Amino acid sequence: MVNNEYIMRKKTYILNQSFDAERALYNIKNSDVVNCTFKGEADGESVLKECRNVRVENCSFSLRYPLWHAKKFELVNSTMDDLTRAPIWYSSEGVIKDCKIEGVKTLRECKNITVESCNINSIEFGWRCQGVNIKASTINSVYFLFESKNVEIENLEMIGKYSFQYMKNVHIKNSKLDTKDAFWHSKNIVVENSVVKGEYLGWFSENLTLVNCKIIGTQPLCYCKNLKLIDCEMIDTDLAFEYSDVEASVKGHIVSVKNPKSGVVEADSVGEIIAEDAIMKCSGEVRLRENRLSA
Numbered sequence: 091m092v093n094n095e096y097i098m099r100k101k102t103y104i105l106n107q108s109f110d111a112e113r114a115l116y117n118i119k120n121s122d123v124v125n126c127t128f129k130g131e132a133d134g135e136s137v138l139k140e141c142r143n144v145r146v147e148n149c150s151f152s153l154r155y156p157l158w159h160a161k162k163f164e165l166v167n168s169t170m171d172d173l174t175r176a177p178i179w180y181s182s183e184g185v186i187k188d189c190k191i192e193g194v195k196t197l198r199e200c201k202n203i204t205v206e207s208c209n210i211n212s213i214e215f216g217w218r219c220q221g222v223n224i225k226a227s228t229i230n231s232v233y234f235l236f237e238s239k240n241v242e243i244e245n246l247e248m249i250g251k252y253s254f255q256y257m258k259n260v261h262i263k264n265s266k267l268d269t270k271d272a273f274w275h276s277k278n279i280v281v282e283n284s285v286v287k288g289e290y291l292g293w294f295s296e297n298l299t300l301v302n303c304k305i306i307g308t309q310p311l312c313y314c315k316n317l318k319l320i321d322c323e324m325i326d327t328d329l330a331f332e333y334s335d336v337e338a339s340v341k342g343h344i345v346s347v348k349n350p351k352s353g354v355v356e357a358d359s360v361g362e363i364i365a366e367d368a369i370m371k372c373s374g375e376v377r378l379r380e381n382r383l384s385a
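Note that the working numbering has the sequence shown beginning at 91, numbered continuously upward.
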């Protein structure tokens with residue numbers, strides 16, 4: 091009599107093959123796919139759609155939509171070129187490690203995904219995802235992680251415009267972010283020990299906290315609610331904090347502060363404190379260490 095539990099656990103190995111047909115490995119389960127190529131004249135889509143408990147290792151992809159609706163998957167030491175459009179959507183419980191990905195719109199509406207030691211160039215990466223953990227990776231993207239929530243990031247080098255917008259519950263550590271218009275309309279964000287470079291940082295955010303960060307760029311942190319800066323540096327930051335509710339401890343110099351709505355901005359020096367043309371009541375203060383000047 092065949093043991094049904096053994097059948098459920100038995101693993102299939104798919105090695106050293108090439109696939110280009112539509113849904114070539116559709117709904118495979120409990121499988122290792124190793125040293126395989128997904129490309130060819132048939133130009134088939136969705137080659138691994140609806141796969142379950144699958145490890146994909148040392149594979150190369152050049153077909154659209156390969157990993158949609160995947161569950162409990164690993165993608166390891168593999169490549170997805172720029173023809174691999176929208177490669178991973180609606181998938182969950184996945185690990186992407188040591189991969190190079192060039193396909194646009196990587197990760198969309200996915201849950202509980204770990205990205206580790208990857209090099210990714212993907213416009214619209216990570217939209218509307220939940221439970222994303224990014225470690226030790228380099229990512230170039232526009233609208234990075236738009237409307238995603240419950241995200242952990244460490245040792246990320248990121249470049250691209252309009253990142254982290256409309257996000258909720260994000261923790262970023264030890265990272266370098268070169269990005270215009272970051273964190274707009276986002277809520278419950280903590281950034282620690284990181285460099286954040288780019289124009290118009292954090293506008294309309296709520297509960298944004300930056301700890302021991304280096305902030306670079308014009309007109310940062312305006313229209314914020316419950317904004318906190320703890321032991322941060324601000325470089326080339328003019329017209330900062332306009333209409334924000336802010337508690338900020340800044341090491342060094344701020345080029346200019348304009349019309350903080352409420353709270354206190356403390357710094358070693360401020361080039362200009364601008365208190366004019368406000369369209370709302372502004373009671374915020376700017377305090378120079380060992381001095382106190384009303385804004």
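Even for Gly, the Cβ is constructed at its ideal location relative to N, Cα and C.
Model, not experiment: these values are computed from the prediction.
Three-state class that DSSP yields for residue i in the structure shown
i    : result
F151 : strand
R198 : strand
W158 : coil
A368 : coil
R379 : coil
N94  : With a pLDDT of only 39 at N94, under the threshold of 50, the placement of this residue in the model should not be trusted; the figure read from the coordinates follows. N94: helix per DSSP, three-state reduction.
F109 : strand
D271 : coil
G134 : coil
C126 : coil
Cβ neighbours of residue i in the same chain (closer than 6 Å, five flanking residues each side left out)
i    : result
V301 : E282 and I320
K190 : T169 and N209
G342 : E323 and D358
Reference residue i; option with closest CA among the options
i    : options                   : result
N148 : I325, T127 and I262       : T127
C208 : F234, V166 and P177       : V166
I224 : I213, G250 and L197       : L197
V391 : Y252, V260, I229 and Q255 : Residue 391 lies beyond the range of the chain shown here (91 to 385); nothing can be said about it.
R379 : M370, P350 and A338       : A338
T169 : S150, K162, K187 and F163 : S150
V146 : Q309, E199 and L157       : L157
D268 : I279, V286 and N211       : V286
I213 : E199, S231, S253 and V222 : S231
D188 : K251, V222, T228 and A368 : T228
N202 : K162, T327 and E131       : K162
A368 : F331, G361, K341 and V354 : F331
Proximity below 8 Å, CB of residue i to CB of residue j
i    : j    : result
G292 : K270 : no
C322 : S295 : no
N258 : S284 : In the sequence under discussion, the amino acid at residue 258 is Lys, which differs from the Asn named in the question. Taking 8 Å as the Cβ cut-off, K258 and S284 do not qualify as a contacting pair.
A365 : I344 : no
F236 : Q255 : yes
F109 : V144 : no
T204 : I186 : yes
V347 : I325 : no
V123 : L115 : yes
C141 : A111 : no
Whole-number beta carbon distance between residue j and residue i, since they are thought to touch under 8 Å
i    : j    : result
S265 : L246 : 4 Å
G250 : F234 : 6 Å
Same chain, Cβ closer than 7 Å to residue i, five either side skipped, listed in chain order
i    : result
K100 : N120
M370 : Y333 and K351
Neighbourhood of residue i by C-beta, 8 Å cutoff - its chain only, sequence neighbours within 5 removed
i    : result
E244 : I224, K225, A226, I262, K263, N264 and S265
R175 : R154, Y155, G193, V194 and K195
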